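Residue numbers for the sequence shown follow the working numbering, beginning at 916 and rising by one. For glycine and all other residues, C-beta sits at the position ideal for the given N, C-alpha and C. Note that the structure is a prediction, hence the values are computed from the model and not measured.
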Amino acid sequence: MSWGTELWDQFDNLEKHTQWGIDILEKYIKFVKERTEIELSYAKQLRNLSKKYQPKKNSKEEEEYKYTSCKAFISTLNEMNDYAGQHEVISENMASQIIVDLARYVQELKQERKSNFHDGRKAQQHIETCWKQLESSKRRFERDCKEADRAQQYFEKMDADINVTKADVEKARQQAQIRHQMAEDSKADYSSILQKFNHEQHEYYHTHIPNIFQKIQEMEERRIVRMGESMKTYAEVDRQVIPIIGKCLDGIVKAAESIDQKNDSQLVIEAYKSGFEPPGDIEFEDYTQPMKRTVSDNSLSNSRGEGKPDLKFGGKSKGKLWPFIKKNKPPPPPPASASPSAVPNGPQSPKQQKEPLSHRFNEFMTSKPKIHCFRSLKRGGATPEDFSNLPPEQRRKKLQQKVDELNKEIQKEMDQRDAITKMKDVYLKNPQMGDPASLDHKLAEVSQNIEKLRLETQKFEAWLAEVEGRLPARNEQARRQSGLYDSQNPPTVNNCAQDRESSPDGSYTEEQNQESEVKVLATDFDDEFDDEEPLPAIGTCKALYTFEGQNEGTISVVEGETLYVIEEDKGDGWTRIRRNEDEEGYVPTSYVEVCLDKNAKGAKTYI
């Protein structure tokens, strides 16, 4: 099967077919090129998607990714990033192994095709020239034969005519002979050209054209084979990355299998455990039995002794119930109950004896010194160094984290000290490299830093041991050594910052007996905080419900009352308000309707 023998007369069709084959090859190159662009675009979109959902550094979102499910999600994002890289590999390999090679091959193919068809046209032109020569000699031979025939007839006519002279007859005979000779010469020339043409024609149809068409056939078959190889390469490029893509998918499956719901639940406990004990049972108060009083109503010590359970209920129990009062919707106001004193000449119940002292103590606790102390803490926004504002479990975690950070800093400083010491030894052995004395100041500075960090570490370790129950409660001397009490009145700041039983931001302190609280209130709070300027009002609020502010730092409000807002809700569910210069505190945000005055920020103050 050869184009030279089977298609010897289809030169034009072969020319069109080979051009079509090159067009098909160029179309395939364009297809692969568009595929590479799609792969690159897909890889870019996958990378952007992975980057979009990566946790931002130094953000709260990054801290949330400690759970195994979140870690698995991060692993999935990383695997998708690698997955995108494999699509980039596909694009690169297709571009280098298919597009570049085929583009170069197409150029070579066009040159080869042009050369082959040029040779074919040249052979066609040659055979056409030979044919024209043959036709020309044939026509000349035919013309000469006719002329010789006419000359012969003229001679015979002249020879038969008796009236013609002998000279005219001889002339006609000679002319006939000349024409016969010319015919013979034309015949010989025609015969020669005919033989030559037949030879050229035989060579053309049996040698030249078959050879040229064979080359064109081989060229076309190479194109077909090359296109098939490119298709195989196209598939192999995809097949080569399948194992790596499989590993990426296996990584996602492995990350999914690493999710531990029990561990995540434990992390939630560690993150939010407060360390408080659940509230105990409420004691039953029997109003039917008269209370046998043995002491005077005006005795502060006896009232404190008898009122201790009531104060304990109002302090400790309410402090422990603090996390449960932050509701989006406030509870309805409690119904007013009839006072026992409404019964004329009736016996006084124990509640009647406790109520006046309880109210007086609550008013005493929310008096101006306490408010100023709490306000100064909130205004400064400073967290106590020992994290005493946090629940026990959270405080322990923060202290442990601080100890670990300090140990890392100590190790870093020790490494620096060792490096300086080695450098100093080198200077001692080789004075030309530097002066050893120049490092003494730096060495002393590093040693001082190490000592400071160690003291700081010991301080936090002591607090940590206290939280974990390994050490007894701190005494005043230990507190002074901790460096926390640098003010002029350490006991005052201590009780103000640490001995609060509960506060609107969820902080807590250790319990103190009632005598220490009364003693604290008798100290010099006014000397320390009376000089502070009050915070400016930033708006107003209207009480939606009645709120009994019985905890430290809170203020009681009556439904419908209008007050000034001096501090917005910071996300803890409490808003700081002021009634007048001496009465301010926190109320639940859900109990009031706040209207902030942004244009008059800092304009409303109380003097």
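Checklist line | Residue of SER1106, GLU1133 and THR1504 minimising C-alpha distance to THR1455 | finding: Residue mapping note: residue 1455 aligns to position 540 of the sequence shown, counting from 1. Looking at SER1106, GLU1133 and THR1504, the one whose alpha-carbon comes closest to that of THR1455 is THR1504.
Next item on the list: Only counting runs of 4 or more residues, tell me where the alpha helix (DSSP H) segments fall wholly within the stretch 1039-1126, in order along the chain.
Entry: Segments of the alpha helix (DSSP H) lying fully in the stretch 1039-1126: 1081-1118.
Margin query: Among GLN1090, HIS1041 and PHE1128, whose alpha-carbon lies nearest the alpha-carbon of ASP1059?
Written below: For this step, residue 1059 is matched to residue 144 along the sequence shown. Among GLN1090, HIS1041 and PHE1128, the Cα nearest to that of ASP1059 belongs to GLN1090.
Item checked: Residue burial classification, THR1122 (beta-carbon count within 10 angstroms, cutoff 16) -> Along the sequence shown, one-based indexing puts residue 1122 at 207. THR1122 sits exposed, since fewer than 16 C-beta atoms from the chains shown fall within 10 Å of its C-beta.
Next item on the list: Would you mind stating whether GLU1115 and ILE1042 have Cβ atoms separated by less than 8 Å?
Entry: By one-based count along the sequence shown, residue 1115 stands at place 200. By one-based count along the sequence shown, residue 1042 stands at place 127. Judged by beta-carbon spacing, ILE1042 lies within the 8 Å limit of GLU1115, meaning their Cβ atoms are closer than that value.
Notebook entry, point to check: Of the choices ASN996, PHE926 and ASN1364, whose alpha-carbon is the least far from that of ASN1126?
Noted result: Sequence index remark: in the sequence shown, residue 1126 carries index 211 (1-based). Of the listed residues, the one whose Cα sits closest to ASN1126 is PHE926.
Notebook entry, point to check: ALA1452: which of GLU1483, ALA1458 and GLU1476 sits nearest, CA to CA?
Noted result: Start at 1 with the first residue of the sequence shown, and residue 1452 comes out as number 537. Considering only alpha carbons, the answer is GLU1483.
Item checked: Proximity to LYS1457 [Cα-Cα], best of TYR1479, GLY1000 and GLN1315 -> The count along the sequence shown starts at 1 and reaches residue 1457 at position 542. Taking LYS1457 as reference, the option from TYR1479, GLY1000 and GLN1315 with the minimal CA-CA separation is TYR1479.
Checklist line | Buried versus exposed, by CB contacts within 10 Å (16 or more), TRP1378 | finding: The sequence position of residue 1378 within the sequence shown is 463, counting from 1. That one is buried.
Next item on the list: Note down the Cα distance separating ASP1512 from ILE1481, rounded to an integer number of angstroms.
Entry: Position 597 of the sequence shown, counted from the first residue, corresponds to residue 1512. Position 566 of the sequence shown, counted from the first residue, corresponds to residue 1481. So the two alpha carbons sit approximately 11 Å from each other.
Note to self: Rounding to the nearest angstrom, what Cα-Cα distance links GLU1360 and GLN1373 in this structure?
What the structure shows: Position 445 of the sequence shown holds residue 1360. Position 458 of the sequence shown holds residue 1373. So the two alpha carbons sit approximately 20 Å from each other.
Check: If you draw a straight line from the C-alpha of THR920 to the C-alpha of GLU1050, how long is it?
Finding: Counted from its first residue, the sequence shown places residue 920 at position 5. Counted from its first residue, the sequence shown places residue 1050 at position 135. Note on geometry: alpha-carbon atoms of THR920 and GLU1050 lie some 27 Å from one another.
Margin query: Determine whether the beta carbon atoms of VAL1502 and PHE1462 lie at a separation below 8 Å.
Written below: The sequence position of residue 1502 within the sequence shown is 587, counting from 1. The sequence position of residue 1462 within the sequence shown is 547, counting from 1. The beta carbons of VAL1502 and PHE1462 sit closer together than 8 Å.
Notebook entry, point to check: Where does PRO1451 sit, in a helix, a strand or coil, going by DSSP?
Noted result: One-based indexing of the sequence shown puts residue 1451 at position 536. Note: PRO1451 maps to coil in three-state DSSP.
Margin query: Per DSSP, what are the beta-bridge partners of LEU1532 in this structure?
Written below: Nothing in the structure corresponds to residue 1532, since the chain is present only between 916 and 1522.
Check: Under 8 Å between the Cβ atoms of GLN1048 and ILE1139?
Finding: Within the sequence shown, residue 1048 is the residue found at index 133, counting from 1. Within the sequence shown, residue 1139 is the residue found at index 224, counting from 1. Their beta carbons are not under 8 Å apart, which means GLN1048 does not touch ILE1139 by this criterion.
Checklist line | Inter-residue Cα distance where the pair is VAL1183 and GLN1309 | finding: Stepping through the sequence shown from its first residue, residue 1183 is reached at position 268. Stepping through the sequence shown from its first residue, residue 1309 is reached at position 394. In this structure, the CA atom of VAL1183 is about 12 Å from the CA atom of GLN1309.
Margin query: Does GLU1499 come out as helix, strand or coil in the three-state DSSP assignment?
Written below: Working through the sequence shown from its first residue, we reach residue 1499 at position 584. GLU1499 carries a strand assignment under DSSP once its states are collapsed to helix, strand and coil.
Item checked: Own chain partners of PRO929 with C-beta closer than 8 Å, once the 5 adjacent residues on each side are dropped -> Counting from 1 along the sequence shown, the entry for residue 929 is found at position 14. Reading off the sequence shown, one finds Leu at residue 929, where the question assumed Pro. Cβ neighbours of LEU929 beyond the five flanking positions: TRP918, LEU922, PHE1128 and ILE1131.
Check: Grouping DSSP H, G and I as helix and E and B as strand, with all else coil, what is TRP1489?
Finding: The residue labelled residue 1489 in the question sits at position 574 within the sequence shown. Secondary structure of TRP1489 (DSSP, three-state): strand.
Check: Span of the beta strand (DSSP E) holding GLU1508?
Finding: For the purposes of this step, residue 1508 is taken as residue 593 along the sequence shown, with counting starting at 1. For GLU1508, the enclosing beta strand (DSSP E) begins and ends at 1507-1511.
Checklist line | Residue span of the alpha helix (DSSP H) that contains ILE1365, given as start and end | finding: Stepping through the sequence shown from its first residue, residue 1365 is reached at position 450. Where ILE1365 is concerned, the enclosing alpha helix (DSSP H) stretches over 1355-1383.
Notebook entry, point to check: What is the rounded straight-line gap between the Cα of GLU1200 and the Cα of GLN1465?
Noted result: Along the sequence shown, one-based indexing puts residue 1200 at 285. Along the sequence shown, one-based indexing puts residue 1465 at 550. Cα to Cα, GLU1200 sits roughly 20 Å from GLN1465.
Note to self: To the nearest angstrom, how far is the alpha carbon of PHE1302 from that of LEU992?
What the structure shows: Here residue 1302 refers to the residue found at position 387 when the sequence shown is read from its first residue. Here residue 992 refers to the residue found at position 77 when the sequence shown is read from its first residue. Answer to the nearest angstrom: the Cα atoms are 36 Å apart.
Checklist line | Local conformation of PHE1191 per DSSP, three classes | finding: Within the sequence shown, the letter at position 276 stands for residue 1191. DSSP, reduced to helix, strand and coil, places PHE1191 outside both helices and strands of the structure shown, so it counts as coil.
Item checked: Residue burial classification, GLN1001 (beta-carbon count within 10 angstroms, cutoff 16) -> Residue numbering aside, residue 1001 sits at position 86 when the sequence shown is read from its first letter. Its Cβ being crowded by 16 or more others within 10 Å, GLN1001 is buried.
Next item on the list: Label GLU1348 either buried or exposed according to how many other C-beta atoms from any shown protein chain fall within 10 Å of its C-beta, with 16 as the threshold for buried.
Entry: Within the sequence shown, the letter at position 433 stands for residue 1348. For the record, residue 1348 in the displayed sequence is Met; it is not Glu. It is exposed - the Cβ of MET1348 has fewer than 16 other Cβ atoms within 10 Å.
Item checked: Cβ-based neighbour list, ILE1160, same chain, cut-off 7 Å, excluding 5 preceding and 5 following -> As a working mapping, residue 1160 is identified with position 245 in the sequence shown. Excluding sequence neighbours, ILE1160 sits near TYR998 and GLN1001.
Checklist line | Nearest-angstrom Cβ-Cβ length linking ALA1087 and MET1073, presumed shorter than 8 Å | finding: If you number the sequence shown from 1, residue 1087 lands on position 172. If you number the sequence shown from 1, residue 1073 lands on position 158. Yes, they are in contact, since the Cβ atoms of ALA1087 and MET1073 sit about 4 Å apart, within 8 Å.
Check: In chain order, what residues of the same chain lie with their CB nearer than 7 Å to the CB of LYS948, ignoring the 5 residues before and after it?
Finding: Reading the sequence shown from its first residue, position 33 is the one you call residue 948. So the qualifying residues of the chain are ILE1014.
Item checked: Those residues which DSSP pairs with THR1469 across a bridge -> Here residue 1469 corresponds to residue number 554 of the sequence shown, with the count starting at 1. Answer is TYR1501, bridged to THR1469.
Margin query: With H, G and I counted as helix, E and B as strand and the rest as coil, what does DSSP make of PHE1199?
Written below: Numbered from 1 along the sequence shown, position 284 holds the residue referred to as residue 1199. Three-state DSSP puts PHE1199 in coil, outside helix and strand.
Checklist line | Close Cβ partners of LYS1188 (< 7 Å) along its chain, the five nearest in sequence each way excluded | finding: The count along the sequence shown starts at 1 and reaches residue 1188 at position 273. So the list reads GLU1308, once near-sequence residues are dropped.
Notebook entry, point to check: With a CB to CB cut of under 6 Å and the five nearest residues on each side skipped, what residues in its chain are close to ALA1075?
Noted result: The count along the sequence shown starts at 1 and reaches residue 1075 at position 160. Answer for ALA1075: no residue qualifies.
Notebook entry, point to check: Residues bridged to PHE1462 by DSSP?
Noted result: Start at 1 with the first residue of the sequence shown, and residue 1462 comes out as number 547. DSSP lists VAL1472 as partners of PHE1462.
Next item on the list: In the DSSP assignment, find the alpha helix (DSSP H) that holds PHE926 and state where it starts and stops.
Entry: Taking the sequence shown and counting its residues from 1, the one referred to as residue 926 is at position 11. Per DSSP, the unbroken alpha helix (DSSP H) holding PHE926 starts and ends at 926-967.
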